[in-house]
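J.: Below you'll find the structure I mean.
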Amino acid sequence: MNADDTGPPPAQQTGRALAGRVLAQRYQLQSQLAIGGMAEVWEANDLVLGRAVAVKILHPQFANDPVVRQRFHIEAVAAARLVDPSIVAIYDTVDLDGCDAIVMELVRGRTLRDFLDERGALDP
């Protein structure tokens, strides 16, 4: 966290409480895009490179679970090794004050859920 941050660390906050927070003195969280069982995804502004990014933040209840945190890190490393125009790029990882996050390329558009809801299940 940078010196301008106030309040509890991100690992203890959820939802709107994170809006405006800056992770690693670099990624300013703007708006929540999605929430899942293990993490939530935020649109953020990379203050160093001046670009929009997506930040996947592990839920607070996993902050003290070393197994889950290690899996989250392995996910980031594995995804970063994949290079293809159809796969989002991984830019960075953040591990501060029990806040684990993966910073990645922000892709705008429809979600897979939106597509499946509209079209139905895909054929095998």
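In my numbering, the protein residues as written are 273 to 396.
Where a beta carbon is used, it is the ideal one built from N, C-alpha and C, also for glycine.
Leaving aside the five residues before and after ALA351 along the sequence, list all residues of the same chain whose C-beta is less than 6 Å from its C-beta, in chain order.
T.: Sequence index remark: in the sequence shown, residue 351 carries index 79 (1-based). Around ALA351: ILE362.
J.: Pop quiz: ALA311 and HIS331 are said to be a contact at Cβ under 8 Å. What is the actual Cβ separation, rounded to whole angstroms?
T.: To locate residue 311, count along the sequence shown from 1; it is residue 39. To locate residue 331, count along the sequence shown from 1; it is residue 59. So it is a contact: roughly 6 Å between Cβ atoms.
J.: Rounded to a whole number of angstroms, what is the C-alpha to C-alpha distance between GLY292 and ALA324?
T.: Along the sequence shown, read from residue 1 onward, the residue named residue 292 stands at position 20. Along the sequence shown, read from residue 1 onward, the residue named residue 324 stands at position 52. When rounded, the separation of the alpha-carbon atoms in GLY292 and ALA324 is 14 Å.
J.: Measuring CA to CA, which of VAL375, ASN317 and THR383 is closest to THR365?
T.: Within the sequence shown, numbered from 1, the residue matching residue 365 stands at position 93. Among VAL375, ASN317 and THR383, the Cα nearest to that of THR365 is on VAL375.
J.: What residue range does the alpha helix (DSSP H) around ASP356 cover?
T.: For the purposes of this step, residue 356 is taken as residue 84 along the sequence shown, with counting starting at 1. Neither: ASP356 is in no alpha helix (DSSP H) and is coded neither H nor E.
J.: Please confirm whether GLN297 and ALA316 have their CB atoms less than 9 Å apart.
T.: As a working mapping, residue 297 is identified with position 25 in the sequence shown. As a working mapping, residue 316 is identified with position 44 in the sequence shown. Result no, Cβ atoms of GLN297 and ALA316 do not sit closer than 9 Å.
J.: What is the DSSP secondary structure of ASP386, counted as helix, strand or coil?
T.: For the purposes of this step, residue 386 is taken as residue 114 along the sequence shown, with counting starting at 1. Reduced to three states, the DSSP call for ASP386 is helix.
J.: Which residues in the same chain have their Cβ closer than 7 Å to the Cβ of ALA289, if we skip the five residues on either side of it in sequence?
T.: Locating residue 289 in the sequence shown gives position 17, counting from the first residue. Counting only Cβ-Cβ distances below 7 Å, and skipping sequence neighbours, we find nothing.
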